Each structure stands twice: as C-alpha cells, then as structure tokens.
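When the letters of the sequence shown are read in order and numbered with our numbering, they come out as residues 1195 to 1647.
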Amino acid sequence: MIKHYMDASVSVSPLELNSDIQELGALERALSSADVFQPVPRYVKTLRQLRKASQTISCHRDEIKFGVTFGERLKELGDDFGLSPQHFSVNTSGSPLLVKEQFGEHLISPTHFENGAYFSHPHADHQLDHSADELPSIKIGQYVRFGRNAAVNAGGDVAIGDGVWLSPGSQLLRQDHDPYGRLSIGSRTVAMTRLPPVKLCDYAWVGREAIVGWNADYLGKASIVGIRSFLNTWVGDYSIVGDQGKVLQYLPFKAHLMETYQPSIEQTLQVSDWAAINSDWLMIYRDSPKRETPTLPAPLAEYLDTPGKKSVLLIAPPDNAQLQAFARHSLDVISGSRQPFAHHLQWAQDQGHKQLRLRADLDFAKLPFASAGDFHYRRRLGYSLIVANSSPVDAEPCRVYVNELARVLAPEAMLLLPITDVLQAQLSVYQDLFHLRGEVEFDGASFMLMKKI
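As structure tokens, then:
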C-alpha cells in the first residue's frame, strides 16, 4: 500500500564514499568551482567567508571595520548581479560616540559586529536555480550592534532599523520546516520564497540568547525581547515581551517622548531621567479628553459573547474608545502612524490588559496575520473580528484590500468595513468570500457587517 503514496519522480540512490567524488551535494559541487557564477552559491560563499572573518575581531576598531567590510561585500555581490542598491544596504555612517556620564563612559559604535557575530545562509541544495532577484534582501540601519555570536539566518528578507541591538548569543531565524513535509531525515527547509520578511524597527532590542522564530515578521519600535525567550509571533511597538511573546510591560512614556519629539540618536543618548518623563507623560494623559465607550451593534455583541477566545484587529482606530469596546479580547492595532500609541499603551497598562500589540506598517495590500507571517502550519487560524476604520478610495486597491482582509480572518469570523461608494459598487464581488449581514452603526460611522464563509 505504501507505494500508493510514493512519488515516482523522486529517486533515492547510494553514493560510494570510496569513489573519486569529493563533493557529495549540489551546493558543494557549485562551491568547488574556482569561479562561482550562480546567485545562490555566490550568496552562500559570501556569507561563509564573512562568518569566518568575524571570528578574528578583537577590539572596537575591528568591530567597526568589519561592519564596513560586511556592507562592501554585500554591495559587491549585488552589483555583480545587477540588483538595486536597496537590495543589500548597510548603513555604517556616523562617528563613534563617546557617552560620558557622571560616573564613567561608554562607546556607541556605528553599525558593527562583535566577535563571532554572523549572518548564515539557508540550506540551499534544492534552491540553486533561484535567480538573483530571489536572494533574500538584507537592510541594516545606523548604529546597529550585533553582539558576540549573535546569529541572523538570512533565509528571508531582513530589515533592521537604526539603533537596534542583537545581544550576545541571540538568534534571528528565517527558515522553517513544513510539518506536512518529510520526516526529520529528509526534511527540507522552507526558505527564500515562502517565509515572511522580518522587520526590526528602530531601537528594538533582542535579549541575550533569545530566539526570534520564522513567523516573527515585526519587532516593534523600542521593543525588548527578554533574555532566553523564544517567540514565533510579532512583537508590538514599545513593549517588553518574554517567552512566546507574552507581554511583560508596556512603555507608554517612551512612546510619548519618541513620537512627540522625534529625537536624534545623539539626543536619545542624552536622555537619562525617564522617571521625570513618565511623570510628565502621566499628567498629559490624565488631562487629555476621553470618549465614552461606543456601543457594539447587537449582532456583533452576540457573536463576541459566544464561547471561545476572540482576537480583534483594529485598523487605524482614532483613539482609545474602540479599544475600550473590545477590552475583554486580545487586541492588535495596525496604523500608519505611531502618534496615538502612547495613549493606547497607557490605557492597556491602567486596565491591566496584557494582550495588546501595536504596529505602524499599515499596508492595505498586506495585513498582519494573527500568528504573524502568511500562514501557520495550514491550521484554520486568523482574527475573530476586524474593524477596518479606513479603506482605499479606488476600486482595484479596495478589491485587493477586501481579499486581504478575508485572508487574515478566521473562518466564520466577522468584519466591519466602512460603507463607501466603491464598496457598494463591488458588494456582489465579495459574496464568494462573505455573507453580508447588513449595515450597522458603530462609533459614529456606518459599516457593512460581513461574515467570512
């Protein structure tokens, strides 16, 4: 019976170790050539050489020089294959900054690598035919610190913002194994073409020996991943998280300072009295006007009262009022601006709500998945409810947007979509995706209530 499941196109044949064959795998054979022309082997060879060179780093000057070398080698690789300058981009500009305080001093180096810090390549034997455009993109901002033996697996696009710190021994993984694929002995990594890109926003901090998994596509601005934590989901802005992404603390006062004043790196280094900032921020927050919690439409309230855990995605909420309406549920907020984030986080902190995540990369054509990434082991996951406070005004972007909303919703989940002329004209198109439940009023606006099929 097992032959019924065997793939006739797959062959398994033994190799004789006592033969003249020296290179046993396709990648080894490609790398053995004096001149490597294929994009993937060249990419692999470049990262291997850089990894070996990083083990010779012994002082601050070496760390800074290696950062420059890393950028130059990637630029050379990109130029050879005609890639855009943005495909591989490493910002090593800026002078070393000596920060002197009342007691002691410390050095802030431009983007640099401590001893043993490296980028590794994915397992590439089955991906040798990929084009240069399919090579993972690597973008690194200013004053980034790669701690001793920090590891970045570059099996998917990696974007690292300014002032990010990957602590010693931390790992950023960008490849995965499909549990519906082969057993361990024959498993092949999923890399370069299927995994989501990862973005580490400005001032994100990955703690010592923490592991950031393949589905973590976003580490928020000034977020902190605790020591030895493992997480495989995205992390909100201005949050401290532990194992499995559990929120330990919010940082609304830092959100207030950073988003109100937009300080430079040098100015940020001169801020030391965070208690005073927190005190000033709390006065501002207490004096700010508060709206009453909006009443939920009856069909929506009935749905949310059904048994089971609910997760809600709020797209560009204007203030805290909508967060208050869904306070009993886990909340994700995505917006195009971080300006209201301090208020959102302070509300959550005051309410003891530990299931709020914020991100500021709103793209109508690509929304966050509840578990991050684009899929989750083929399980039926997704948001229980999405409140889409904004939407595109043109027909085609609106169609793409609604399809994207459907992708990140769980089966039989609910959607509140603003009623616009474009939406009204396209309602018949969406009936393959949704049951239309009618118009409802929520938070002073008219929405179409839709249930995913």
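Cβ atoms here follow ideal geometry from the backbone N, Cα and C, with glycine treated the same way.
As the structure is a prediction and not an experimental result, all values here were calculated from the model.
Going by Cα to Cα distance, which pick from the options is closest to residue i?
i: residue 1510; options: 1565, 1580 and 1265; result: 1580
i: residue 1556; options: 1356, 1527 and 1464; result: 1527
i: residue 1630; options: 1638, 1229, 1230 and 1611; result: 1611
i: residue 1466; options: 1293, 1622, 1490 and 1304; result: 1293
i: residue 1423; options: 1412, 1416 and 1407; result: 1407
i: residue 1368; options: 1361, 1331, 1493 and 1636; result: 1331
i: residue 1363; options: 1420, 1354, 1289 and 1616; result: 1420
i: residue 1358; options: 1314, 1309 and 1416; result: 1416
i: residue 1220; options: 1344, 1260 and 1322; result: 1322
i: residue 1609; options: 1615, 1401, 1582 and 1588; result: 1582
i: residue 1437; options: 1411, 1452, 1403 and 1460; result: 1403
i: residue 1411; options: 1239, 1279 and 1427; result: 1427
i: residue 1351; options: 1399, 1401 and 1281; result: 1281
i: residue 1317; options: 1279, 1239, 1335 and 1463; result: 1239
i: residue 1288; options: 1336, 1276 and 1242; result: 1336
i: residue 1552; options: 1248, 1430, 1395 and 1235; result: 1430
i: residue 1545; options: 1554, 1529, 1518 and 1561; result: 1518
i: residue 1600; options: 1324, 1627 and 1338; result: 1627
i: residue 1309; options: 1324, 1267 and 1247; result: 1247
i: residue 1341; options: 1468, 1260 and 1278; result: 1260
Which same chain residues end up closer than 6 Å to residue i when comparing Cβ atoms and leaving out the 5 residues on each side of it in sequence?
i: residue 1283; result: 1333
i: residue 1329; result: 1233 and 1237
i: residue 1506; result: 1520, 1523, 1525 and 1579
i: residue 1457; result: none
i: residue 1226; result: 1217
i: residue 1531; result: none
i: residue 1563; result: 1602
i: residue 1313; result: 1241, 1346 and 1348
i: residue 1584; result: 1510
Suppose the cutoff is 7 Å on Cβ atoms and the five residues either side in sequence are ignored; what does the same chain contact list for residue i look like?
i: residue 1444; result: 1432, 1433, 1539, 1542 and 1543
i: residue 1586; result: 1558, 1592 and 1595
i: residue 1297; result: none
i: residue 1607; result: 1576, 1577, 1578, 1579 and 1646
i: residue 1265; result: 1284 and 1286
i: residue 1504; result: 1498, 1523, 1578 and 1579
Take residue i and list the residues in its own chain whose beta-carbon comes closer than 8 Å to its own, dropping the five residues that flank it on each side.
i: residue 1638; result: 1488
i: residue 1494; result: 1579, 1608, 1610, 1634, 1636 and 1643
Does DSSP classify residue i as helix, strand or coil?
i: residue 1471; result: helix
i: residue 1421; result: coil
i: residue 1215; result: coil
i: residue 1316; result: coil
i: residue 1629; result: strand
i: residue 1618; result: helix
i: residue 1243; result: helix
i: residue 1332; result: strand
i: residue 1578; result: strand
i: residue 1256; result: helix
i: residue 1541; result: helix
i: residue 1362; result: coil
i: residue 1346; result: strand
i: residue 1444; result: strand
i: residue 1605; result: strand
i: residue 1596; result: helix
i: residue 1235; result: helix
i: residue 1308; result: coil
i: residue 1226; result: helix
i: residue 1210; result: coil
i: residue 1642; result: strand
i: residue 1591; result: helix
i: residue 1636; result: strand
i: residue 1552; result: strand
i: residue 1402; result: coil
i: residue 1353; result: strand
i: residue 1392; result: strand
i: residue 1299; result: strand
Let me confirm a value: residue i is counted as buried when at least 16 other C-beta atoms fall within 10 Å, else exposed. Which label applies?
i: residue 1218; result: exposed
i: residue 1231; result: exposed
i: residue 1454; result: exposed
i: residue 1199; result: exposed
i: residue 1565; result: buried
i: residue 1398; result: buried
i: residue 1348; result: buried
i: residue 1354; result: buried
i: residue 1206; result: exposed
Within the present structure, is the beta-carbon of residue i separated from the nearest heavy atom of the ligand ZN by less than 7 Å?
i: residue 1454; result: Ligands are entirely absent from the displayed structure, and the ligand ZN is therefore not among its contents.
Is the Cβ of residue i closer than 8 Å to any Cβ of chain D?
i: residue 1646; result: The structure shown contains no chain D; it is built from a single protein chain.
Next item on the list: Count the C-beta pairs between the stretch 1388-1403 and the stretch 1502-1520 that are closer than 8 Å, then say yes if the count reaches three, no if not.
Entry: With the cut-off at 8 Å, the stretch 1388-1403 and the stretch 1502-1520 do not touch.
Note to self: Three Cβ pairs or more, each shorter than 8 Å: is that satisfied between the stretch 1469-1476 and the stretch 1616-1632?
What the structure shows: Contact fails: fewer than three Cβ-Cβ distances are below 8 Å.
Notebook entry, point to check: Per the contact definition of three or more C-beta pairs closer than 8 Å, is the stretch 1529-1539 in contact with the stretch 1436-1452?
Noted result: Flag = yes, the stretch 1436-1452 and the stretch 1529-1539 touch.
Margin query: Between the stretch 1244-1257 and the stretch 1303-1318, can you find at least three pairs of beta-carbon atoms closer than 8 Å?
Written below: With contact defined as three or more Cβ pairs closer than 8 Å, the stretch 1303-1318 and the stretch 1244-1257 are in contact.
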